[in-house]
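Going by UniProt numbering, the first residue of the sequence shown is number 1, and it counts up by one from there. Below is one structure; the comments refer to it alone.
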Amino acid sequence: MQPTDSYDLVIAGAGIIGASVAWHATQRGLRVAVIDAKGPAAAASGASDGAVSVASKRPGLMANLADASLCYAREMAQHNGILKGIFHPRPTFIFARSAPESAALDRLTRMLHDQSLSVTIHQDGAAQTSAISGLGKDITRVIELQGEAHMLGYQATHAYLRAAKCDLFWPRSLEAYEPGPEGVRVFTSAGEMNCAQLVIASGIGTMGLLPNVPMIARSGQLIVSDRGPASEPNLPGPLTSAAYLLDKTANGRGDAGLPVVIDPLHTGQVLIGSTREDHGTERQTDIATVRRLLHSAVGCLPRLAERRIIRVFAGVRSASLDGLPIVGALPEEPNVVCATGFEGDGICLSALIGREIAAHLATGQSSPDLAALTPGRFSSQEAIPA
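Dropping the structure here:
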């Protein structure tokens, strides 16, 4: 397919964020083209665990945004909505093995209550009282949450793009752009395009295009097991270490255990992850890290020792230096919008971010809730490392 002379909107990046923006923008009547260097969900969106989680977010802004996006995605999964059959409600189990991890669970319960979030605590008690049987002896406490969900990134991405009825071009990477009073000239690996507005949602590919927006590539190694025996009890939802909550704070996890998530797949397999490695790559995994993850996972759920590992892989996510996504028009370039730096939160936030960016593109108005995410924040203050 050849591009037309011009579009209302060109989106660089066919991950779940770009796809959500595309669908929401076409719902508002905009003529849209999406370009990508490889294809839909080819990077972080396709290597995600699919968690639509509020509990894993920082208290305050990020938890509020995640909750709003969760509720909106739930709406889009009803009445034959675009996410029907893709967005699946399920419980979440977060456990503690140490005093620091138990303190993190205490902070989580306060956050859910104080911020009046839609996710609720169904049970909070000793491991023996959990709905998950056969937990490891070191687990002292488990919280079961109701209201969270699972949504595979590649399924949601393809659903958005199919329904958007926009022009799709790949392999076609964004190499440069030139904003002007009449719109934006977009220079791609396959020629020039013109548009009124440009959205750059290309994950780590954004780093070379926007050198003044500080980001790093943060990789995560993941492990996939074989299917368990039919007699094995099913995990009703992901089993997550509270060390993961500590790992996303400014002080880190200290002497808490290694963060691990044990996530049941609909195939009967289990996904085990994930690390957070600065300046990582998707082309490399290492046996020492895999061994540590497996040791931690088996300690939490001993029956995993009977599984075989069939795949180990890594995904790379774009991360901002202050731990917040970067969403909004670029300073001095109001018709160029950036949407990147989500790290592991893109799946959860994709519904809300797509809706709000499309609203901004169509009306010129920005949501006050997203004001703290603007890329302009880096020009006015020093970023704090996440």
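Don't be surprised by glycine CBs; every beta carbon is placed ideally from N, CA and C.
| Item | Value |
| --- | --- |
| Please return the same chain residues whose Cβ sits closer than 7 Å to the Cβ of T92, not counting the five positions on each side in sequence. | S53, A55, L145, E148, G237, P238 and T240 |
| What are the complete alpha helix (DSSP H) segments, minimum 4 residues, inside the region 172-256? | 206-209 and 243-247 |
| V261: beta carbon under 6 Å from a heavy atom of the ligand GTP? | The ligand GTP is not part of this structure, which contains no ligands at all. |
| Of all the options L198, S45 and S219, which has the alpha carbon lying nearest to the alpha carbon of T289? | S219 |
| Run the CB neighbour count on S379, radius 10 Å, all protein chains shown included, and call it buried at 16 or more, exposed below. | exposed |
| Which residues mark the beginning and the end of the beta strand (DSSP E) in which N80 is found? | First-last for N80: undefined, no H or E at that position. |
| With DSSP as the reference, label Q155 as helix, strand or coil. | helix |
| Where does the unbroken alpha helix (DSSP H) through residue 401 begin, and where does it stop? | Nothing about residue 401 can be read from this structure; the chain reaches only from 1 to 386. |
| For the beta strand (DSSP E) that I357 lies in, which residues bound it at each end? | That residue, I357, is in no beta strand (DSSP E); its alpha helix (DSSP H) goes G346 to T363. |
| Can you tell me the Cβ-Cβ gap for L108 and T120, rounded? I've got them flagged as a contact below 8 Å. | Actually they do not touch by this definition, with Cβ atoms about 12 Å apart. |
| What does a CB cutoff of less than 7 Å around R28 pick up in its chain, not counting 5 residues either side in sequence? | A358 and A362 |
| What does the Cβ neighbour count give for A19, buried or exposed, with the cut at 16 atoms within 10 Å? | buried |
| Quick one: give me the first and last residue of the beta strand (DSSP E) that S118 is part of. | No beta strand (DSSP E) holds S118; DSSP gives it neither H nor E. |
| One question on the structure: do R90 and H150 come within less than 7 Å of each other, judged by their Cβ atoms? | yes |
| Return yes when the Cβ of V327 is within less than 7 Å of the Cβ of A339, no when it is not. | yes |
| Taking its Cβ as the centre, do 16 or more other Cβ atoms sit within 10 Å of D345, making it buried, or is it exposed? | buried |
| Run through DSSP, which three-state label would I384 get? | Model confidence at I384 stands at a pLDDT of 40, short of 50, so the residue's coordinates are unreliable; what they give is reported in the following sentence. Of the three classes helix, strand and coil, the one that applies to I384 here is coil, per DSSP. |
| Mind checking H360: buried by the 16 CB within 10 Å criterion, or exposed? | buried |
| What would DSSP say about D49, mapped onto helix, strand or coil? | coil |
| For V290, name the three-state secondary structure that DSSP assigns. | helix |
| In the DSSP assignment, what residue or residues form a beta bridge with S318? | A217 |
| With distances taken between CB atoms, is the gap from A14 to I86 smaller than 7 Å? | no |
| Could you check the C-alpha separation between A73 and A351 for me, to the nearest Å? | 6 Å |
| Between the Cα of I17 and the Cα atoms of A42, R311, R31 and L30, which residue gives the shortest distance? | A42 |
| According to the neighbour-count rule (16 or more other Cβ atoms, all chains shown, within 10 Å of its Cβ), is I82 buried or exposed? | buried |
| What's the gap between the Cα of P334 and the Cα of A190? | 25 Å |
| Quick one, which of V261, P233, E192 and Q221 has its alpha-carbon nearest F169's? | E192 |
| Please name the residue, chosen from A99, E232, E101 and R377, that lies closest to E306 on a Cα-to-Cα basis. | E232 |
| State the DSSP-derived secondary structure class of G299, mapped to helix, strand or coil. | helix |
| Need the endpoints of the beta strand (DSSP E) that A43 sits in, please. | Taken as a continuous stretch (DSSP letters only), A43 belongs to no beta strand (DSSP E), as it is neither H nor E. |
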